[in-house]
Every structure is written in structure tokens, then in C-alpha cells.
Amino acid sequence: MYLTGLPEELLDAICQQTDVLAAPEYVALARCCRAFRRVAHHHLYRRLLVSSSKHNLHLIPRLAKSRELASLVRDLTVSIANPTTNVFRTFYQMLAIALCNTTQLVHLTLDVAPDASWVLPSRALHEHSPLIHFASSFPLDVHVTQFIQTTPRLLHIKLGSMQSNSTGSLASMASCCPHQLVPLLSSFEGSVHDARTLVPGHPITVAHLHGPVPVHMIPLLAHSTSNIQVLSVTTSSPLTALLPALIEHLPELTRLQIATTSPNNAFNDEVYQLARMHLHTL
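Residue numbering for the sequence shown follows the numbering used here, starting at 1 and increasing by one per position.
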């Protein structure tokens, strides 16, 4: 039997066991004959890093034009964060179509213009979306909220900071993002503003908060339906106030990282005071 006569599953298994093939070889294999094309495409498109620095932005229009190729993508990263990069609106329109076509995504990272969240699909494109990881430069605006409502298996989310010219109130965001629609969310990274919406009512165990975290924010973190075990915060609040609040409201913490915006001398004084408090209780 000729190799080309083997079932596609066997050809795919052979390629998986072959560590020596690189992208150029898969391209050649795809051009070799029809029997190898889909198998080669499966390996070429499974994980895509599309970046202006790699000069491969043309892959996005290709995914927009071919649902077959887009359906092969499981891990997609799009990065055009360089502010000197000139990207026309047409590219973002193609990106929006491509995201609609990539219905089998498991990991999605969008490091693009923070005000381009409109490229996200606003309705369920697959009955059981497999997406479990979503990272973007977008804040939790209306478009992001509508998108994550279509991803019931989402476990990890990373969001950008709220822009100063962003519109929409905190109340409106909270009202359109009930926890039942992202019931498995366990890891959050983003602004304090967005944490107010996504931490309460979700089983968050890992939280990385950007921006100054006030002491009065700590009790809200305790409204996670699971115990937060890993926490990273930046704060300008005195440690003598922050740490007791953490001990009271987040007693299950196993890992804590604190960055302070206080001057070094003030920080050293706070550490000294905490040490005295601790010795006094011994």
C-alpha cells in the first residue's frame, strides 16, 4: 500500500511521532499531494503566533477566508502591541472574522489595541466552546463581557487596564456578567476595577491585581466562592493596615506578593513596626 493510501489518522500519528519536521517541511508536505495537505495543515495551524515582529500578519486574513483552516487552530496569539506599528482598520475587521471562524480555540491571547475589543465574537459560535484561557489588552468592557459569556469552560482570564476615556459604569458591567455564565473561572489577572466584577461569585483561587489596591478592597476578595490561595497586589496603603486585613479576610493564602508604591524609608518603617507587633505577641 502506498503511504498516501493510509487513513488520515495514521498519517497524523506518523507526523506526531516525527520530531524532525519543522514548519518549512510541513509546508512542503502540504504542497506534496492532497492526501498530506490536511495532516500538514493540522500541525501548521494548531498553534499560531501572529506578530508584526514576525511579519506574518497575513495569516489573519487567511483564517478569515478559510473556515477549514481556522477550525484547526487551538492556540492563537496575536501581538501588534508596538505603538509604532501601523495597522489599518481592515486588519481588525479581518481579525474579527477570523475569531468567528476559530471555533475550536483552547487558548487565546490578543495583545492588540486596547480599544479594539469589538473584534471579539458577541454570541456563541460553538455550543460547547473549549476555550479555557483568555488573555488580552482589553479591559472588562461590554464586548469582553459578551464574549466571556460564550465561554462556559473558561478557567483563566487576563485583562488590560481601564482606559481613561472608557465608558460604562461598574454597575452596568456587574449586571451583565452574572457568575453563572463563567462558573469555572479560577484565575484572574487585571485591574482592581475589573476584579470588583469578576472575583465575587466566582471560584477564584489565584488573583493578580494591577494598580493600587486599597485596604477596603480586601473584604471584597473574600467574596470569591473558593478560597484565594495566591495573591499579588500593588498598594500604597500601610502594610500595618493591609496585612491584618489579609489575615482576617483571606486566611487560606499560601502565597502572597506585595509591591508597594511607598518610599523606601516609609516601607522600612512599616516592616519595623510589623516586626515589633509580631514580637509583642510572642
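Every residue, glycine too, gets a C-beta built ideally from N, C-alpha and C.
Roughly how many whole angstroms lie between the Cα atoms of A222 and S122?
-> Rounded to whole angstroms, A222 to S122 spans 30 Å at the Cα level.
Buried versus exposed, by CB contacts within 10 Å (16 or more), H216 = With fewer than 16 other Cβ atoms from the protein chains shown falling within 10 Å of its own Cβ, H216 counts as exposed.
Would you tell me roughly how many angstroms separate the C-alpha atoms of A195 and V73, rounded to the nearest one?
-> If you take the alpha carbons of A195 and V73, they lie about 30 Å apart.
Chain-order list of residues whose beta-carbon lies under 6 Å from that of G211 (same chain, five-residue window excluded) | S191 and V192
To the nearest angstrom, report how far apart I132 and L159 are at their CA atoms.
-> 14 Å
Leaving out five residues on either side along the sequence, give the residues of the same chain with a beta carbon under 6 Å from the beta carbon of V144.
-> S117 and F138
What's the C-alpha gap between I204 and M94?
-> 34 Å
Under 9 Å, do Q332 and L231 count as touching if we go by C-beta distance?
-> Outside the displayed span of the chain (1 to 282) sits residue 332, for which this structure offers no information.
The beta strand (DSSP E) with K158 in it runs from where to where?
-> H156 to K158
Got a sec? Which residues, its chain only, sit under 7 Å from P61 by beta carbon, not counting five neighbours each side?
-> M94
Could you check how far apart the C-beta atoms of V182 and I148 are, in whole angstroms? I think they sit under 8 Å.
-> 5 Å
Look up D194 in the DSSP assignment and say whether it is helix, strand or coil.
-> helix
Beta-carbon separation (whole angstroms), T103 vs S71, contact threshold 8 Å | 6 Å
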